[in-house]
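Numbering (my numbering), first residue to last: 468 to 895.
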């Protein structure tokens with residue numbers, strides 16, 4: 468990171484600070500304190516439902532993000548029969564750590580920063596050892612938490628691995644693998660354009676507009692109550708997405724790309740997405756717990772943001788990416804894939820795509836690449852989900868959160884300086 472930020476980044480940080488100040492803080496919104504879904508049955512004021520979408524409101528999300536199976540159909544990602552891979556512990560207090568949030572005038576501490584971003588759980592690995600592991604609110608070590616768009620990085624890493632192994636051709640058009648999409652906006656896009664989100668599809672990633680592509684995709688999956696005219700399934704919806712520009716141009720973040728990529732993967736391998744994760748990541752990494760995907764009415768997994776997994780297992784994936792794809796004594800991800808991700812895409816493209824705080828960052832194979840002196844890169848999901856990998860500091864941070872604001876811009880002014888401060892402290 469750097470202490471110098473663009474005026475656009477500082478303006479975004481000031482807007483975020485004002486928004487955060489208006490919300491119930493981490494203690495006031497603690498789901499244990501509020502008693503969500505407690506009682507036999509829960510009283511009306513403590514109950515949340517799928518039908519009224521109350522589970523997706525704040526502060527209810529501080530409970531529901533750790534309990535998605537109470538509301539949605541899911542498919543299991545089995546951890547396999549092998550032993551759990553070790554995560555040895557080397558505790559080190561981070562309580563004395565101080566950093567200054569972007570746009571702030573005074574420093575804050577590590578735990579203060581965690582509370583300021585409504586963190587549900589955080590795990591810090593240094594040289595493969597657990598330095599710090601904390602849980603807040605409803606989250607517990609064994610509970611899967613909604614990963615949101617961190618899911619994309621899991622899916623795309625598998626896709627890039629298949630490309631490296633010769634099982635998938637990234638130069639082929641989408642309609643080569645999925646003819647059903649030939650008439651859609653995706654049909655003449657390449658697999659690589661999906662991976663880097665450079666498709667010219669008519670789709671908006673706006674979580675507040677009920678008619679946006681992102682919201683309509685969510686309703687097609689069944690993440691929220693359907694409305695008249697909504698598609699009956701995820702794949703039905705993808706077939707309706709049109710084209711509004713040329714493919715291969717500027718990076719534009721659009722979740723639907725990941726779900727088309729997953730459709731391609733399933734056609735190439737003959738496996739469900741849950742089976743792919745089990746065989747290519749969960750079993751080889753020696754994950755500790757099963758994970759699960761949210762699925763639509765036809766059993767299709769939500770590849771763009773539907774993975775739920777335990778915090779330690781998310782950290783294991785991050786550690787494999789830090790170690791050039793090697794973990795648990797195995798080359799789980801081809802080293803060439805990790806190297807390509809770390810090189811990143813076009814520097815500065817994230818800021819140009821509407822992420823001003825990510826000045827200098829790029830996007831490659833559904834990972835966010837900082838291009839800072841440490842070579843840090845991230846998997847990121849709305850409301851604060853993250854895997855932060857700093858190769859120079861031999862650091863991985865896995866974090867789940869339930870921030871009242873959706874976009875990562877709500878977390879970045881605090882989280883990015885905090886992560887870099889940890890890297891500097893441990894790396895020294």
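Note that the Cβ used here is the ideal one computed from N, Cα and C, for glycine as well. Bear in mind the structure is a predicted one, so any value in this text is a computation, not a measurement.
N-terminal and C-terminal residue of the alpha helix (DSSP H) that residue i is part of
{"i": "residue 588", "result": "First-last for residue 588: 586 to 593, but that is the beta strand (DSSP E), not the alpha helix (DSSP H)."}
{"i": "residue 829", "result": "Careful: residue 829 lies outside any alpha helix (DSSP H), inside the beta strand (DSSP E) at 829 to 831."}
{"i": "residue 602", "result": "Element bounds for residue 602: not the alpha helix (DSSP H) but the beta strand (DSSP E), 596 to 602."}
{"i": "residue 879", "result": "879 to 894"}
{"i": "residue 583", "result": "577 to 583"}
{"i": "residue 500", "result": "498 to 501"}
{"i": "residue 760", "result": "Residue 760 -> not in any alpha helix (DSSP H); beta strand (DSSP E) instead, spanning 758 to 761."}
{"i": "residue 705", "result": "701 to 707"}
{"i": "residue 867", "result": "Segment 862 to 868 is the beta strand (DSSP E) holding residue 867; no alpha helix (DSSP H) there."}
{"i": "residue 775", "result": "Where residue 775 is concerned, there is no enclosing alpha helix (DSSP H), although the beta strand (DSSP E) it sits in stretches over 774 to 776."}
{"i": "residue 875", "result": "No alpha helix (DSSP H) contains residue 875, which DSSP labels as neither H nor E."}
{"i": "residue 734", "result": "723 to 736"}
{"i": "residue 790", "result": "That residue, residue 790, is in no alpha helix (DSSP H); it is neither H nor E in DSSP."}
{"i": "residue 682", "result": "680 to 688"}
{"i": "residue 767", "result": "Unbroken run through residue 767: none, as it is neither H nor E."}
{"i": "residue 474", "result": "474 to 488"}
{"i": "residue 740", "result": "740 to 744"}
{"i": "residue 816", "result": "816 to 819"}
Beta strand (DSSP E) segment containing residue i, residue limits
{"i": "residue 845", "result": "844 to 848"}
{"i": "residue 804", "result": "It is not in any beta strand (DSSP E) - residue 804 instead sits in the alpha helix (DSSP H) that spans 802 to 810."}
{"i": "residue 839", "result": "Premise fails: residue 839 is in no beta strand (DSSP E) and is neither H nor E."}
{"i": "residue 606", "result": "Note, residue 606: premise wrong, no beta strand (DSSP E); not H, not E."}
{"i": "residue 856", "result": "852 to 857"}
Closest residue to residue i among the options (Cα-Cα distance)
{"i": "residue 882", "options": "495, 565 and 698", "result": "565"}
{"i": "residue 827", "options": "505, 838 and 834", "result": "838"}
{"i": "residue 665", "options": "706, 697 and 710", "result": "710"}
{"i": "residue 504", "options": "526, 872 and 559", "result": "526"}
{"i": "residue 500", "options": "516, 694 and 529", "result": "529"}
{"i": "residue 608", "options": "775, 622, 573 and 634", "result": "775"}
{"i": "residue 640", "options": "829, 537 and 651", "result": "651"}
{"i": "residue 747", "options": "778, 692 and 627", "result": "627"}
{"i": "residue 786", "options": "764, 595, 624 and 487", "result": "595"}
{"i": "residue 489", "options": "885, 661 and 871", "result": "871"}
{"i": "residue 663", "options": "723, 759 and 569", "result": "723"}
{"i": "residue 535", "options": "845, 729, 797 and 773", "result": "773"}
{"i": "residue 502", "options": "892, 531, 780 and 735", "result": "531"}
{"i": "residue 597", "options": "843, 719, 783 and 876", "result": "783"}
{"i": "residue 889", "options": "780, 620, 590 and 875", "result": "590"}
{"i": "residue 675", "options": "620, 704, 873 and 893", "result": "873"}
{"i": "residue 551", "options": "894, 875 and 780", "result": "780"}
{"i": "residue 732", "options": "658, 474 and 788", "result": "658"}
{"i": "residue 546", "options": "576, 854, 841 and 745", "result": "745"}
{"i": "residue 761", "options": "689, 472, 854 and 485", "result": "689"}
{"i": "residue 699", "options": "687, 643, 708 and 481", "result": "687"}
{"i": "residue 638", "options": "632, 656, 695 and 800", "result": "656"}
{"i": "residue 629", "options": "894, 804 and 859", "result": "804"}
{"i": "residue 661", "options": "507, 831, 494 and 575", "result": "831"}
{"i": "residue 648", "options": "721, 750, 708 and 833", "result": "708"}
{"i": "residue 518", "options": "537, 506 and 507", "result": "537"}
Supposed contact pair residue j and residue i - C-beta distance, whole angstroms, cut 8 Å
{"i": "residue 767", "j": "residue 702", "result": "6 Å"}
{"i": "residue 593", "j": "residue 791", "result": "At roughly 17 Å, the Cβ-Cβ gap does not stay under 8 Å, so residue 593 and residue 791 are not in contact."}
{"i": "residue 691", "j": "residue 523", "result": "7 Å"}
{"i": "residue 599", "j": "residue 561", "result": "5 Å"}
{"i": "residue 880", "j": "residue 570", "result": "6 Å"}
{"i": "residue 725", "j": "residue 777", "result": "Actually they are not in contact, since the Cβ atoms of residue 725 and residue 777 sit about 22 Å apart, beyond 8 Å."}
{"i": "residue 653", "j": "residue 727", "result": "5 Å"}
{"i": "residue 846", "j": "residue 857", "result": "The Cβ separation is near 13 Å, so there is no contact."}
{"i": "residue 876", "j": "residue 479", "result": "6 Å"}
{"i": "residue 824", "j": "residue 484", "result": "Rounded, the Cβ-Cβ distance is 12 Å, inconsistent with contact."}
{"i": "residue 730", "j": "residue 645", "result": "5 Å"}
7 Å Cβ cutoff, residue i in contact with chain D
{"i": "residue 548", "result": "Looking for chain D here will not work: only one protein chain is present."}
Q: Pair every Cβ in the region 842 to 856 with every Cβ in the region 610 to 623, then say whether three or more of these pairs are closer than 8 Å.
A: Touching, yes, given that three or more Cβ pairs across the two stretches are closer than 8 Å.
Q) Hey, which unbroken runs of the beta strand (DSSP E) at 3 residues or more fall wholly within the region 515 to 559? A) Segments of the beta strand (DSSP E) lying fully in the region 515 to 559: 541 to 544.
Q. Which ranges does the alpha helix (DSSP H) cover as unbroken runs of at least 4 residues, wholly within the region 618 to 677, from first to last along the chain?
A. The alpha helix (DSSP H) runs lying completely inside the region 618 to 677 and spanning 4 residues or more are 641 to 644 and 658 to 662, given in chain order.
Q) Between the region 797 to 809 and the region 817 to 828, do three or more beta carbon pairs fall short of 8 Å? A) At 8 Å Cβ cutoff, the stretches do not touch.
Q.
Whether or not the region 576 to 592 and the region 867 to 875 are in contact is what I'm after, with contact meaning three or more pairs of Cβ atoms, one per stretch, closer than 8 Å; do they touch?
A. Segments in contact, yes.
Q. Using 8 Å as the Cβ pair cut-off and three pairs as the minimum, do the region 753 to 760 and the region 666 to 675 touch?
A. Contact fails: fewer than three Cβ-Cβ distances are below 8 Å.
Q) On the three-pair Cβ rule with 8 Å, is the region 540 to 551 touching the region 732 to 744? A) Judged by pairs of C-beta atoms under 8 Å, the region 540 to 551 touches the region 732 to 744, as three or more such pairs exist.
Q) Taking one C-beta from the region 509 to 523 and one from the region 554 to 571 each time, how about it: are there three or more such pairs within less than 8 Å? A) Counting Cβ pairs under 8 Å, fewer than three are found: no touch.
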